[in-house]
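Reviewing the structure listed below.
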Amino acid sequence: MDKSYRPEELEQRIYERWEERGWFAPQGDGEPYCIMIPPPNVTGTLHMGHAFQDTIMDALVRYHRMRGFRALWQPGMDHAGIATQMVVERLLNNEGTSRRDLGREKFVERVWQWKEESGGQIARQTRRLGASVDWSRDRFTMDEGCSAAVSKVFVDLYDEGLIYRGKRLVNWDPVLHTALSDLEVLAEDEPGNLWHFRYPLASGDGHLVVATTRPETMLGDSAVAVHPDDERYSALVGQEIVLPIVGRHIPIIADDYVDPEFGTGCVKITPAHDFNDYEIGRRHDLPMYNILTDDATLNDEVPVAYRGLDRFVARERVVEEFRELGLLEEIEDYTVKIPRGDRSHAVVEPYLTDQWYVKIEPLAKPAIEAVESGRIRFVPENWSKTYFEWMYNIQDWCISRQLWWGHRIPAWYDTDGNVYVGHDEDDVRQRNDLDKDVVLRQDDDVLDTWFSSALWPFSTLGWPGQTESLDEFYPGNVLVTGFDIIFFWVARMIMMGLKFMGDVPFREVYIHGLIRDQDGQKMSKSKGNVLDPLDLIDGIDLESLVAKRTAGMMQSHLAPKIEQATRKHFPDGIDAYGCDALRMTFSSLATTGRDIRFDVGRIEGYKNFCNKLWNAARYVLMNTGSLDEGDLELSPADRWIRARLDETTRAMHRHFAAYRLDLAAQAIYDFTWHEFCDWYLELSKPVLQADESSPALQRGTRRTLIETLEAILRLLHPLVPFITEEIWQQVAPRAGIEGDTIMLRPYPESDENAGDEAAIADIEWVMQFILGIRQIRGEMDISPGKALPVLLQHPDADDRDRAARLVLLLRRVGRVESVAMLEEGTEPPAAATALLGEMRLLVPMKGLIDVAAERARLDKQMDKTRAELAKASGKLANENFVNNAPAAVVTQERERVAEFERTITQLAEQLQKLDELA
RNA sequence: GGGCGAUUAGCUCAGGGGUAGAGCGCCACGUUGACAUCGUGGAGGUCGGUGGUUCGAAACCACCAUCGCCCACCA
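In our numbering, the protein residues as written are 776 to 1693.
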């Protein structure tokens, strides 16, 4: 092995081998285990969130695969209708052409072409992340199979009356010219105004005052509403208003919706351009005046002067005209919620159009029940609340989009406008007995991207076919995803899964946090704070990073700021940390919280960990060259590390079961570094290097070294797959293990008989001993190379026994020159002291030790111990504590007090001695 | 307006009714035959505030403060 760990050299090579050998496909005949990848958008590239998510899923899949499950991690991508169409349209714009120039067919062809390039990029990234997905099953939401699933679901739901077409108010994106679902609209607070208008009564007898945030919609008003119990206006209900500018007579109506406390208590009603007004309009059978075009300019429904105006221009003009008419009462500053499309960021209009809807309530009911009953469990549990909250108030789902990229809606119209639904035109004709001469035209619209995503858990397994894969892998075990798509995706998969498969799509939903930047900001292109996971793996120099972050920006004026921030945060660019370090970082960040600040500082520590493991392996390999057969004796250190390994193994299983990758990462990190490397490797050296250790003992240690390392590699493999594979290839033959790859070896299981109290007690004693000596050395500034003589004062039988048996460890690891007993009654020499239970370790001073320094050191210990003692004895002095606390706690407290008292006595004696010396 | 979450060392975060933890950073020492991407020792916290429950609260409860997120039709 090379002297240092170089991830760039090994990661790609190893992945290629895994893939070539087909090891990502489900193996063996164990119980199935299945995770569906949340398909990334073909648009763009994988970001930190994907890398994080992939790390979690890969760890889970590898863990289960190693445990003998037939593990499937199903890969694939999403066609991402709007997002993809926008990207390709932008490309076309740059080429000086447009979607409309190309026409539908050519445009869609162009998108497919682009999808190949972009999808390839994502697949490459996924491979670099080490994801053990079964590429042979790679799917795309618009491939043939998924499309067949979409078609079947649409037709079936339609036949059952659960899909319908209707003219209603929808969220209309006037830039993209498409309807959006409620979820795709984001309401943001923006500063605006509240305009107060006078509406004259038709009787000529005064006016009412209405307030509005959208003056231009008054051109479409069809009523003014007041609260039925509002005495101020009860006499006016039933009378009419003359709508200014328009001249239309509109009624004054009474409706509960109106809040008499707000404004004047009068509300203008525009049924065709406001969701509330729409409902009121329906209740009161009001006419609906649609005054907008698809572009949100004013149409011919309005007075000539306003026709063709942009809605915002019209707003100003309406206000101006009210002012001129003397009907403008007041303009208030007011914060308004502006609905914007999540993709285009355009201000969305409520707009009357024909759209397709899924009647959601019959689907939502069983989906709610599935979570209530525990058939699906959210991890952490809290998220089920979020789920319920949305599901209880769910609205019908608008599934049609006026786009070209997506699944075309399987509906056809005849020339009379009758609609027929079927899998294709032939199917439609057959179902409806339509003659060949009836002209049919397919619906131009496509389906919401999430419609096909909702089918992902079974469409990828071959549905609507009855496949073996479906039998085997549906339902999946766990869905790993972010909370941001619980509504978009999780809820809809549950509904569709229950409806079409008769079972939940997965049993657990593991919700992870969002990756944010070092300041807690969401990573976004426009903020210029995105990190490409591959840059953390391969490294990137500062100039390239700046260039990357400022390239192709929509708002180029932000570039200087981004450049400045980038130079500040990454003055030297980003080092190459390798995939394993990145993954270990993600794992350790996978806590239960909501958002995760990604601090580049942390990844370095995990690269060091990899290097540590690498070098530990080198040491083990160097020392296990000759694993000869023969008698084998395990030393206390061997038995101790085996016991500790078992405890760690137990912890790993526990943490995986609870989806606590952070705790798993920490447990194995601590064991590897702080127990195996810091202690066991050091303790092994005396055995292997000293002449006095027997061949059997040496064999025992060699075996323990190699076996423990091999187990560590397997414990770590789901988290850091590459380095563990690379080392394992060297280690396995030494350990006498057959097998081509670590990824198909069994995950370590704990062993009930691994506990070894005696060995643990021995080694803990050794550790305390050595720590005591090191502390003296460190604080007394004694050179680490200087071997120290140690006298044991007041040793008991165990101490004497251990000192005799384990002296080699003390000498070599603790750099102790000699260990001698101070006979009882003998006056101890002036010495620095460490305490080990009842026993005192004395390091005679003889010029080695500075009396003042030792004094200061002991004083410090004394202060600490006295403080502890005060606390503990205070507790025991409280009779409530003694009477009420559990006996074990009281006993423990008494023991602590005794211990502190002993320590204080000993320290006092030592201080006394120093005084005598001075 | 509802709902959820966070507040622990300089930074990033675990923990959890009885002894305050890690990594990074910081200070000192160190070329010990795996590793300077390292080793050894050390400094550093009244666990956001107030009150309550309890023998005992950093942890449980209530309220408050600050920050954040989600949902919602007050024009």
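A virtual CB, placed ideally from N, CA and C, is assigned to each residue, including glycine.
According to DSSP, is THR1640 helix, strand or coil? Three-state DSSP puts THR1640 in a helix.
For ALA1507, name the three-state secondary structure that DSSP assigns. In the three-state DSSP reduction, ALA1507 falls in the helix class (H, G or I).
Buried or exposed, going by whether 16 or more other CB atoms sit within 10 Å of the CB of MET1268? Under a 10 Å Cβ-count criterion, MET1268 is classified as buried, with 16 or more other Cβ atoms of the shown protein chains found around its own Cβ.
In this structure, does DSSP put VAL1591 in helix, strand or coil? Three-state DSSP puts VAL1591 in a strand.
What runs of the alpha helix (DSSP H), each 4 residues or longer, lie entirely inside the stretch 899-939? The DSSP assignment places 919-934 as complete runs of the alpha helix (DSSP H) inside the stretch 899-939, in order along the chain (cut-off: 4 residues).
Whole angstroms are fine: how far does the CA of GLY967 sit from the CA of PRO975? Within the model, the alpha-carbon separation for PRO975 versus GLY967 is close to 25 Å.
What are the boundary residues of the alpha helix (DSSP H) that includes CYS1354? Following the DSSP letters along the chain, one finds CYS1354 inside the alpha helix (DSSP H) bounded by residues 1354-1364.
Can you tell which of ARG1216, LYS1297, PHE1153, VAL1123 has its C-alpha closest to the C-alpha of LEU1254? Minimum Cα distance to LEU1254 is reached at PHE1153.
Rounded to the nearest angstrom, what separates ARG840 and VAL908 at their Cα positions? Using only the alpha carbons, I get a separation of about 12 Å.
Taking the alpha-carbon of PRO1114 as reference, which of ASP1202, GLU959, ASP1246 has the nearest alpha-carbon? It is GLU959.
Out of ALA986, THR1341, PHE1226, which one is the CA nearest neighbour of VAL1321? Of ALA986, THR1341, PHE1226, the residue nearest in Cα terms is THR1341.
Given a cut-off of 8 Å, decide if PRO850 and GLU1247 are closer than it, judged by their beta-carbon atoms. Between GLU1247 and PRO850, the C-beta gap is not smaller than 8 Å, which leaves the two residues out of contact.
Segments assigned beta strand (DSSP E), at least 3 residues, entirely inside the stretch 1482-1546: List check, beta strand (DSSP E) in window: nothing returned.
First and last residue of the alpha helix (DSSP H) that includes ASP1445? Counting along the chain, the alpha helix (DSSP H) containing ASP1445 begins and ends at 1436-1445.
Which residue marks the beginning of the alpha helix (DSSP H) containing LYS1043, and which one marks its end? No alpha helix (DSSP H) holds LYS1043; the beta strand (DSSP E) holding it covers 1041-1044.
So, helix, strand or coil for TRP1131, using DSSP? Correct three-state label for TRP1131: strand.
Shortest alpha-carbon distance to ARG885 belongs to which of ARG902, CYS1452, ARG899, MET861? Of all alpha-carbon atoms in ARG902, CYS1452, ARG899, MET861, the one lying nearest the alpha-carbon of ARG885 is that of MET861.
Contact check, PRO813 vs LEU847 under 8 Å by CB: the rounded distance? Cβ atoms of PRO813 and LEU847 stay farther apart than 8 Å, at about 15 Å.
Going by DSSP, what residues sit across from THR1325 in a beta bridge? Answer is none; THR1325 lacks a bridge partner.
Whether MET1271 touches ALA1229 by CB criterion (8 Å): Yes.
Of all the options VAL950, PRO1026, TYR1195, SER1469, which has the alpha carbon lying nearest to the alpha carbon of ASP1085? Check the Cα spacing between ASP1085 and each of VAL950, PRO1026, TYR1195, SER1469: the tightest is with VAL950.
Best match in ALA1439, ILE1481, GLN1130 for proximity to ASP1403 [C-alpha to C-alpha]: Nearest C-alpha to ASP1403: ILE1481.
Just curious, the beta strand (DSSP E) that GLU809 is in, first and last residue? Reading the sequence as shown, one finds Cys at residue 809 and not Glu. Note, CYS809: beta strand (DSSP E), 807-811.
Under 8 Å by Cβ, that's how I've got LEU1067 and PRO1046 pegged, so tell me the actual separation to the nearest angstrom. Contact check for LEU1067 and PRO1046: beta-carbon distance about 13 Å, past the 8 Å limit, so the pair fails to qualify.
When the Cα of ASP1117 is compared with those of ALA1000, LEU1488, SER956, which residue comes out closest? Checked all of ALA1000, LEU1488, SER956; the closest Cα to ASP1117 is SER956.
Whole angstroms are fine: how far does the CA of GLY1257 sit from the CA of LEU1236? So the two alpha carbons sit approximately 23 Å from each other.
Within its chain, find whatever has a CB closer than 6 Å to the CB of TYR1053; leave out the 5 residues flanking it on each side and keep chain order. Excluding positions up to five away in sequence, the list reads LEU944, PRO1046.
Beta-carbon gap between ILE1290 and MET1298 smaller than 8 Å: It is a contact, given that the beta carbons lie within the stated cut-off.
Among GLN1205, PRO1559, ARG1098, ALA1426, whose alpha-carbon lies nearest the alpha-carbon of GLU1524? Checked all of GLN1205, PRO1559, ARG1098, ALA1426; the closest Cα to GLU1524 is ALA1426.
Could you say which of SER1468, MET1620, ASP853, ARG1586 lies nearest to PHE1226 if we only look at CA atoms? Per the Cα distances, ASP853.
Could you check if ARG1677 belongs to the surroundings of the ligand COA, using beta carbon to heavy atom distance under 7 Å? Looking at this structure, you won't find the ligand COA or any other ligand, since it has none at all.
Assumed close pair THR953, TRP970 - CB separation to whole angstroms, cut-off 8 Å: Between THR953 and TRP970, the beta carbon gap of about 30 Å keeps them out of contact (Cβ cut-off 8 Å).
Starting from the C-beta of GLN1177, find all residues in its chain whose C-beta is less than 7 Å away, skip the five residues before and the five after it, and write them out in chain order. Excluding five sequence positions before and after GLN1177, the CB atoms of its chain that fall closer than 7 Å to its own CB belong to HIS952, THR953, ALA954, ASP1220, given in chain order.
Spell out the partners DSSP gives VAL984 in its beta bridges. Partner(s): ARG973.
What does the alpha-carbon distance come out to for the pair TYR1522 and PRO1496? Whole-angstrom Cα-Cα distance: 13 Å.
Figure out for me which residue from ALA962, MET1555, PHE1446 has the closest Cα to the Cα of ALA1121. When only C-alpha atoms are compared, the closest one is ALA962.
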